[in-house]
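Engineer: Have a look at this one before I ask anything.
Here it is as structure tokens:
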């Protein structure tokens, strides 16, 4: 629930949000509205798959401080000439569960070895930096299927590194 394609409801119908002008301030509002912590990434290009139905919003210009996405500046509530290949996505830092949902949950997107403490899901981070002094520098490794492995640097850039740094609390 704290990472995925962004959808909004209008007049009882769900639709997607176009990724034109989509960025971290917009994703930050989505994360806050869902109770999912801070925004780690705002992937473009239907990163979590293409939606269906209307594309309700386009050209969002959130400051990042709004309480709800619908309070951000945008190009109006209407179907837009954006394709579902451009559906906006958000990746948030944490997953918040009710006590019942927490008991029923196998794991969280950002953590493994999930333990529920109150309303926040915590555990062991699934990414780490190794091979350098301190915890905020080094080679990126990711934990998957019980093992640590490296990440290929093809198409890797500063925006990707910024996500890892934020996820690890390194600024």
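In UniProt numbering, the protein residues as written are 1 to 171.
Glycine included, each C-beta is placed from N, C-alpha and C at the ideal position.
#1: Comparing alpha-carbon positions, which option in 47, 92, 12 and 10 lies nearest residue 33?
#2: Given a cut-off of 8 angstroms, decide if residue 35 and residue 7 are closer than it, judged by their beta-carbon atoms.
#3: Report the rounded CA-to-CA distance for residue 48 versus residue 148, giving the unit in angstroms.
#4: Here's a check: name, in chain order, each residue in its chain whose Cβ is nearer than 6 angstroms to the Cβ of residue 24, leaving out the five neighbours to either side.
#5: Per DSSP, what kind of secondary structure is residue 164 in: helix, strand or coil?
#6: Can you tell me where the beta strand (DSSP E) holding residue 30 begins and where it ends?
#7: Which of helix, strand or coil does DSSP assign to residue 6?
#8: Measure how close the beta-carbons of residue 56 and residue 77 come, nearest whole angstrom, since I'm counting them as under 8 angstroms.
#9: Identify whether residue 140 lies in helix, strand or coil by the three-state DSSP scheme.
#10: Alpha carbon to alpha carbon, what distance is there between residue 155 and residue 127?
Structural biologist: Reading it off the structure:
#1: 92
#2: Using a Cβ distance threshold of 8 angstroms, residue 7 and residue 35 do not count as a contacting pair.
#3: 24 angstroms
#4: 39 and 42
#5: When DSSP states are grouped into helix, strand and coil, residue 164 belongs to the helix group.
#6: From DSSP, residue 30 is part of no beta strand (DSSP E) but of the alpha helix (DSSP H) over 24-34.
#7: coil
#8: Going by Cβ atoms, the distance from residue 56 to residue 77 rounds to 6 angstroms, so yes, they are a contact pair.
#9: strand
#10: 18 angstroms
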